[in-house]
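Chains as they are written, first to last, in our numbering: chain B, 1 to 243; chain F, 244 to 547.
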Amino acid sequence: MTGPLLKIEKLEASYGHVAALKGVDIEVNAGEIVTLIGANGAGKSTLMMSIFGYPRAQAGRILYDGHDITRVPAHEIAKLRIAQVPEGRRIFSRMTVLENLQMGATVGEPTHFPKDIARVFKLFPRLQERINQRGGTLSGGEQQMLAIGRALMARPRLLLLDEPSLGLAPLLVKQIFRAIRELNERDKLTVFLVEQNAFHALKLAHRGYVMVNGAITLSGPARELLERDEVKSAYLEGGRPAA
Amino acid sequence: MEYFVQQLINGVALGSIYGLIAIGYTMVYGIIGMINFAHGDIFMVGAFVALITFLVLVAIGVTALPLALFLVLLVAMALTALYGWTVERIAYRPLRRSFRLAPLISAIGMSIILQNYVQIAQGARVKPLPPLITGGYTLFESNDFAVQLSNVQILIIWLTFTLMIAFSWMIAKTRLGRDMRACEQDARMASLVGVDTDRTISLTFVIGAALAAVAGMMYLLYYGVADFYIGFIAGVKAFTAAVLGGIGSLPGAMLGGLLIGLIETFWSAYFSVEYKDVAAFAVLIVVLIFLPTGILGRPEIEKV
Ligand SMILES: Nc1ncnc2c1ncn2[C@@H]1O[C@H](COP(=O)(O)OP(=O)(O)O)[C@@H](O)[C@H]1O
Ligand SMILES: [Mg+2]
Chain B
1 MTGPLLKIEK LEASYGHVAA LKGVDIEVNA GEIVTLIGAN GAGKSTLMMS
51 IFGYPRAQAG RILYDGHDIT RVPAHEIAKL RIAQVPEGRR IFSRMTVLEN
101 LQMGATVGEP THFPKDIARV FKLFPRLQER INQRGGTLSG GEQQMLAIGR
151 ALMARPRLLL LDEPSLGLAP LLVKQIFRAI RELNERDKLT VFLVEQNAFH
201 ALKLAHRGYV MVNGAITLSG PARELLERDE VKSAYLEGGR PAA
Chain F
244 MEYFVQQLIN GVALGSIYGL IAIGYTMVYG IIGMINFAHG DIFMVGAFVA
294 LITFLVLVAI GVTALPLALF LVLLVAMALT ALYGWTVERI AYRPLRRSFR
344 LAPLISAIGM SIILQNYVQI AQGARVKPLP PLITGGYTLF ESNDFAVQLS
394 NVQILIIWLT FTLMIAFSWM IAKTRLGRDM RACEQDARMA SLVGVDTDRT
444 ISLTFVIGAA LAAVAGMMYL LYYGVADFYI GFIAGVKAFT AAVLGGIGSL
494 PGAMLGGLLI GLIETFWSAY FSVEYKDVAA FAVLIVVLIF LPTGILGRPE
544 IEKV
């Protein structure tokens, strides 16, 4: 009974007639940080969103905790405690920080709200300072914190993160990645992380997958992937910090 | 001067009715980006439900006016809301993912169906309601002209004001209101956090229809008549109000409603009663050309 928390089997999906996922297999075990890396347009975001049915799988299955959720509507999937920080953050821009966090708590217990919001503010004190500010007026880094905070308000068992480092200054990237590690180590949160910043992602994750053109080409322990020549040449060139 | 003040009062009362209808247009547009062309006819259905309920109450001897008004309001809102819900379910939801013109066509179809249905069920002739609320106040009088504020006008303005406050509070402070705003801003993201977007859209139609029912009842009390065609003209005017105020904006709908009511009233008073409907259409055309985002609307920069 201790199968993977998330198991994606031979998943195929497309936009119109254009195939975006061509039989993807991925497993995420409870307690792990798993990362998916790949070039722009490889299909990483499509895979993330297809877990919620956007787009719907045309073949293959998505199993969560052993249950088939391939055809379950998105809002029901949220109730299963899968939370997503989507590509582009998708903050509710005309809502305040507080309201965005309230939206994140849609599937949460109302009685947990004060405790959960305190936890988010402890992780990202900046959000508390901006509590009544509209989401659309936050800086990129603050929006990313809010998107993660919003996802955490659901008390997720599985957190899906799509390029949380995109467009952020190096210091902020560090802070976000430290927060992810903390959530994983202290709260045992399972994380599935999509990144274009392969070096940081593989440093953080336990295991990794490489996606090319809608299919997985490589997978294994993150440490090993970091040393693979294919990975080095394709994804780490120039992305590797001097230090 | 007295004449002017009188027109102002009349315009505000009429504008209140348009404003309540306009909210339905603007809410539905905000949440699914579609003009619900059957909404004017929902208003017409509301007026008929109110008419029938009044007549039934009179027949069974409920004569205490406040009680009768309250019951009519409840019945009209509930039944009309059911119509709004049904229209969404059968004409719009199945088409939500099809090409953009499809729901527009089915909206016009729904509008025709509702008109014909009422025409057949209630007859094509104008239905009168005996005046229930009479009297009023003379505010001031000079040069042989008395400025009147009738009790019906007081009721209309008070009821609209009350509903607007309750409704704004609902949108700003309640869970449902927040869900509606979330769906309006990013429906897909709303579903990712667990909002049932289909249900939220349904409730938007239900609330819009209930407000249109109140407008229908007020129209009936104000003019004392209803026919199966009132939804078309009032609908176009309320739609104009929503566009003028900025489609998608709730304060805009109310403001637009008031302005259209005032424009129509002053036009009739100072130019020509026969062409009063032209005023609203002229405004619609001018707004669409020179001010497409309306007075309180925002340019569409966030729509994908
Ligand atoms: N909404 C969409 N409609 C049509 N094609 C899309 C859409 N989103 C992504 N695609 C296409 O699907 C492919 C995968 O895109 P995406 O999943 O965003 O890649 P990644 O996140 O790895 O950069 C790309 O070729 C992209 O152009
Ligand atoms: Mg992407």
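For every residue, glycine included, the Cβ atom is placed at its ideal position computed from N, Cα and C. What you are looking at is a predicted structure, and each value in this text was computed from that prediction instead of being measured.
- Bounds of any beta strand (DSSP E) do not take in alanine 57 (chain B), whose DSSP letter is neither H nor E.
- Any Cβ of chain B closer than 9 Å to the Cβ of glycine 437 (chain F) would place that residue at the interface, and such an atom is present.
- Under the DSSP assignment, alanine 83 (chain B) falls in the beta strand (DSSP E) whose first and last residues are 82-85.
- With respect to alanine 265 (chain F), alanine 485 (chain F) sits close: the two C-beta atoms are nearer than 9 Å.
- For ligand 2, a non-hydrogen atom lies closer than 8 Å to the CB of lysine 44 (chain B).
- Taking a C-beta distance under 9 Å as the contact criterion, aspartate 422 (chain F) and alanine 433 (chain F) qualify as a contact pair.
- Scanning B:Gly167, B:Ile33, B:Ala154 and B:Ala74 for the CA closest to the CA of asparagine 184 (chain B) turns up B:Ile33.
- Within the chosen limit of 8 Å, ligand 1 reaches the beta carbon of valine 18 (chain B) through at least one heavy atom.
- Of the residues F:Tyr272, F:Tyr268, F:Ala293 and F:Tyr246, the one whose Cα lies closest to the Cα of alanine 456 (chain F) is F:Ala293.
- With a threshold of 9 Å between beta carbons, serine 341 (chain F) makes no contact with chain B.
- Looking only at B:Ser219, B:Glu230 and B:Ile131, the smallest Cα-Cα distance to alanine 205 (chain B) is reached by B:Ser219.
- Between the region 166-184 of chain B and the region 102-114 of chain B, the count of C-beta pairs closer than 8 Å stays below three; the two stretches do not touch.
- Beta-carbon to beta-carbon, leucine 300 (chain F) and alanine 290 (chain F) are separated by about 16 Å, too far to satisfy the 8 Å threshold.
- When beta bridges are read from the DSSP output, glycine 220 (chain B) appears opposite B:Gly208.
- A direct Cα-Cα distance of roughly 16 Å separates threonine 137 (chain B) from leucine 168 (chain B).
- Each of F:Leu454, F:Gly467 and F:Ser511 was checked against the Cα of leucine 317 (chain F), and the nearest Cα belongs to F:Leu454.
- Excluding residues up to 5 positions away in sequence, Met413, Thr443 and Leu446 lie with their Cβ nearer than 8 Å to the Cβ of leucine 419 (chain F) in the same chain.
- Contact note: alanine 118 (chain B) does not reach chain F at a C-beta cutoff of 9 Å; the least C-beta distance is about 19 Å.
- Beta-bridge analysis with DSSP links glutamine 391 (chain F) to F:Thr381.
- Taking a cut-off of 8 Å on C-beta distances, the region 460-479 of chain F touches the region 364-376 of chain F, as three or more cross pairs fall below it.
- When B:His17, B:Ala59, B:Ala19 and B:Ala39 are compared, the shortest CA-CA separation from isoleucine 8 (chain B) is found for B:Ala59.
- The C-alpha of isoleucine 348 (chain F) lies about 26 Å from the C-alpha of glycine 500 (chain F).
- For the 9 Å CB-CB criterion, leucine 398 (chain F) and methionine 461 (chain F) form a contact.
- Per the DSSP secondary-structure output, threonine 483 (chain F) pairs with nothing in a beta bridge.
- Neighbours of alanine 425 (chain F) in chain B, taken as residues whose beta carbon is under 8 Å from its own, are Phe92, Met95 and Met103 in chain order.
- Not one heavy atom of ligand 1 lies closer than 8 Å to the C-beta of glycine 66 (chain B).
- Taking every protein chain shown into account, the CB of serine 515 (chain F) has fewer than 16 other CB atoms within 10 angstroms, so this residue is exposed.
- What arginine 421 (chain F) touches in chain B, judged by beta-carbon distance under 8 Å, is Met95, Glu99, Gln102 and Met103, going in chain order.
- Where glutamate 163 (chain B) is concerned, there is no enclosing alpha helix (DSSP H), because DSSP gives it neither an H nor an E.
- Counting only runs of at least 4 residues, the region 18-80 of chain B fully encloses the following alpha helix (DSSP H) elements, listed from N- to C-terminal order: 44-50 and 74-79.
- Unbroken alpha helix (DSSP H) stretches of 4 residues or longer found wholly inside the region 102-175 of chain B: 113-123, 125-129 and 140-152, given in chain order.
- Taking the Cβ of glutamate 12 (chain B) as the reference point, every heavy atom of ligand 1 lies at 8 Å or farther away.
- Against chain B, a Cβ distance below 9 Å from arginine 431 (chain F) picks out Met49, Phe52, Tyr54, Ala74, Pro86 and Arg90.
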